[in-house]
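Worksheet for the structure shown next.
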Amino acid sequence: MYGNGMKQLEERHVPTKVLKMEWSNKMDLLAIAKEHGEVSLHRLTWQRVWSLAAPKDKTLVTALAWRPDGKQLAIAYDSCDLLLVDVENKDIAFSKTTESKVTSLMWVQHEKPQKKDTIDSVLIKMNGLDYLPKLQSLVLRDTPEEENKIPKVQDTLNLLLVGMANCEVQILALGIFLCGSIKLAEIFKKEGTVLNIYMPVDFSYLYVAIQYYYGSIEIVTIKLQDCDTCWDDVYDLAFKHDQLLSSLDYLDQTMKNILETWEHVSLMEMELKLSSYCPEDPEMVSTDLLELLIYGILTERMDQFLKRDLTDKGIKKIGLSIESSHTNVQKLVVNQLSEVTNQILFQLVEISGMSLKKYECLGLTEHSVEKALRSVNGFLMKCNEVQIVIEESLTRYKLFFKWLYGMMIKLNDENSASDPSLSDTSQHELNMLAEYINGLGETGSKAKDYKLDRVGQYFLDGDLECPYDARSQWWSLLQDNPCLEENELILTAPRGHSLTRQFAVLKADLMDIFAQRKTFFDKTFVFHENVALELPSGLSHGRTRVSMVDLPNHKLLVCCVRELGAHDFGFYELMAYSDTLEVTHRSTTVFYSCNGVKQNVHDVQFYSHDYVSVLTETLDEATNRFSLFIQLSTNSVRSHCSTNGLTTCRIGQPSGDSDGEGSCHTLNDYTCRVVENMAASSFAVSGTRKVAVLLSHSRHKVRLFEMEVDDEEDEDEDSAMDITRDSNLTDETV
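According to the numbering used here, the residues represented by the sequence shown are -3 to 730, in order.
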């Protein structure tokens, strides 16, 4: 039973202007977009959950939409950025840039009768990754409260509908996979912008409200042909896309962790000392070190260098820091980078099999998948190369600094015999050390640079200064026979590419798999007749708000109101016929009058398919402005709609001297709430959560209400609120 009361929960003053508000239909959470592009999430008690800054300066939010399960929030900015934000931790789960500014968002989840699983659906949902090693935490520090949380894939198909200012509508399966795009401006040969989008949960129709540049407004009705199997295919491919993006995000974070780990400790201090040894002759330090190693000859310059520029504590510190840095990076490469790359490889193998079947019509091509497979294998080979270079570098660093430390001990006339490890060096180690010292002066990018580091070059976005020489018969065979590289069965990684450069190639190839032009919906969309919305008050002039909700039997209810200066709003009932492509419509004009005078209508939205919420403004006897929040039955309005649209409906009882228009009907099936001490300009409602929030004209004050409460509870709340009505409340931050 629908309760008539409204219970005020909170009244808050917001320091920053509020521009948009959107309720979650799954949780009592309210998303608020403010000036400067900030988006904050609040509970019913106005407790702030989190706040997210705009991705760019001087950016405003143009649209908000909740994922049907309430776990993500879609945010569109006038900078053409579209973000999907995890509600739990405000992490950016997905982002994309649109061709034009987004003006409308809607997120709808598919609801259809349960069907028996087919072989394809079972194979798609079988997670082969369960048989691979579990991915470790991305957090570098082992703290129990900071655990890695890999996003869980969604088990039900949902579509994010994106309407843009260039009259284009994009359909994103699971919010990420572009499976359809409709450019209405090209179809109708008229420029315009999308005001709102709506799709029923059965995915049968797509309704688009368009306002053309010359002012007129139309409802575009698009039939999506019965294709449950096709929707299953869309979900299958979007499911794999979601999995792949999650793994790619893990890989990206691992690369960032490697860069952070490597940047903490570097060899720059030692390299600068070696570079300043003899600036006019860069090879002199190698020559003097080799003479000291092989012949035991200590030049005067080397003697001064070891005594003045180096200290035993400094050498120990540098040696330990180098070992720590290389060991940490090696763990990340072995335990995380290689494992997640193997996961991506397994996922691509599954997608490769899908490209050989019926998914080509969704843009999945065998060529793009094969290209990505080669990139993944190339990246794995580069990871193995980095592991080998780290292992060899660690061995040489330890040997070099151990020998250098021993020389310093001897120069200081200390008893080195107390530490046998300083003089215990095999012939093999001596040969390796001599080879390492001999190559020091040849690795710098400039003539006066010295490079002890062989690993850091792999983490720069560019070509390797000193490529790794595998010295294997296999590499020699490939170099002598370039034609072998064209064989599809032979996989190679560009020898001169760094790990970061190879990762960029891999990322681009993975994104290219799902960036193909989609043709699936070109044969699925069927356009019905457009319905023009016309009102006596001149709806086509100025900015307009459009709200839509569906009814059974392919019926659609539409409400339209101008944002400024409106005294009434249009109410439409549309019904589409799939056999004739005809769309019939009935309409009426609704207004609220007080003392025979039409009052301003500021906002109209559907609370549910049974009720429409109306916000009006009027004056009391002392000419004070106040607002009325009305819950109007849609059935009562529908009963007075006509095919010619000439009827009008008045909310409330007419006054004695009101106009005597015979076609004006009185609507009595409504509830009304007086919003005292506040002139409201807009609101947001959720019939599912039974909540509402009103925004003042100044956009600095909000009031939160619980809807459908008992009348007795409402009266008790009113008496209590009268005492604190004018209290000055401030915005709380939690």
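Yeah, the Cβ is synthetic: ideal placement off N, Cα and C, and Gly gets one too.
{"query": "Sequence-distant residues of the same chain with beta carbon closer than 6 Å to residue 433, five excluded per side", "result": "282, 285, 286"}
{"query": "Within 8 Å, strictly: CB atoms of residue 641 and residue 580", "result": "no"}
{"query": "Buried or exposed by the 16-neighbour rule on C-beta atoms within 10 Å, applied to residue 307", "result": "exposed"}
{"query": "Residue 208: first and last residue of the uninterrupted beta strand (DSSP E) it sits in", "result": "201 to 208"}
{"query": "Bridge partner(s) assigned by DSSP for residue 403", "result": "Per DSSP, none; premise fails for residue 403."}
{"query": "Straight-line Cα distance separating residue 484 from residue 257", "result": "36 Å"}
{"query": "Beta-carbon gap between residue 220 and residue 201 smaller than 8 Å", "result": "yes"}
{"query": "Length-filtered (4 minimum) alpha helix (DSSP H) runs lying within the region 270 to 336", "result": "280 to 290, 296 to 300, 308 to 328"}
{"query": "Residue range of the unbroken alpha helix (DSSP H) whose run includes residue 181", "result": "180 to 184"}
{"query": "Rounded separation between residue 228 and residue 556 - CA only", "result": "35 Å"}
{"query": "Backbone CA spacing between residue 168 and residue 644 [nearest angstrom]", "result": "40 Å"}
{"query": "Residues bridged to residue 580 [DSSP beta-bridge criterion]", "result": "571"}
{"query": "Short Cβ contact (8 Å threshold) for residue 401 with residue 503", "result": "no"}
{"query": "Residue 464 (DSSP reduced to helix, strand or coil)", "result": "coil"}
{"query": "Cβ pair residue 383, residue 326 closer than 8 Å", "result": "yes"}
{"query": "Reduced DSSP category for residue 665 - H, G, I as helix; E, B as strand; rest coil", "result": "coil"}
{"query": "Residues bridged to residue 83 (per DSSP)", "result": "DSSP, once it has assigned bridges, lists no residue as partnering residue 83."}
{"query": "Residue 139 - DSSP class collapsed to helix/strand/coil", "result": "At residue 139, the pLDDT of 37 sits below 50, so the modelled position is not reliable; the number obtained from the coordinates is stated separately. In the structure shown, residue 139 sits in coil (DSSP, three-state: anything other than H, G, I, E or B)."}
{"query": "Contacts around residue 565, its chain only, beta-carbon distance under 7 Å, and the 5 residues preceding and following it disregarded", "result": "555, 556, 557, 586, 597, 600"}
{"query": "Selected residue, minimal CA-CA separation from residue 165, among 216, 209, 151", "result": "216"}
{"query": "Of the listed residues 9, 12, 16, nearest to residue 681 (C-alpha basis)", "result": "16"}
{"query": "Rounded C-alpha distance that separates residue 590 from residue 240", "result": "60 Å"}
{"query": "Identified DSSP bridge partners for residue 601", "result": "609"}
{"query": "Assigned exposure category for residue 468 - 16 Cβ within 10 Å defines buried", "result": "exposed"}
{"query": "DSSP three-state assignment for residue 370, whether helix, strand or coil", "result": "helix"}
{"query": "Coil, strand or helix - residue 354 by DSSP", "result": "helix"}
{"query": "Local conformation of residue 175 per DSSP, three classes", "result": "strand"}
{"query": "DSSP bridge partner residues for residue 7 (one or two, in chain order)", "result": "699"}
{"query": "Delimiting residues of the beta strand (DSSP E) encompassing residue 18", "result": "14 to 19"}
{"query": "Identity of the residue in 150, 103, 80 nearest residue 92 by Cα", "result": "80"}
{"query": "Bridge-paired residues (DSSP) for residue 198", "result": "According to DSSP, residue 198 bridges with nothing at all."}
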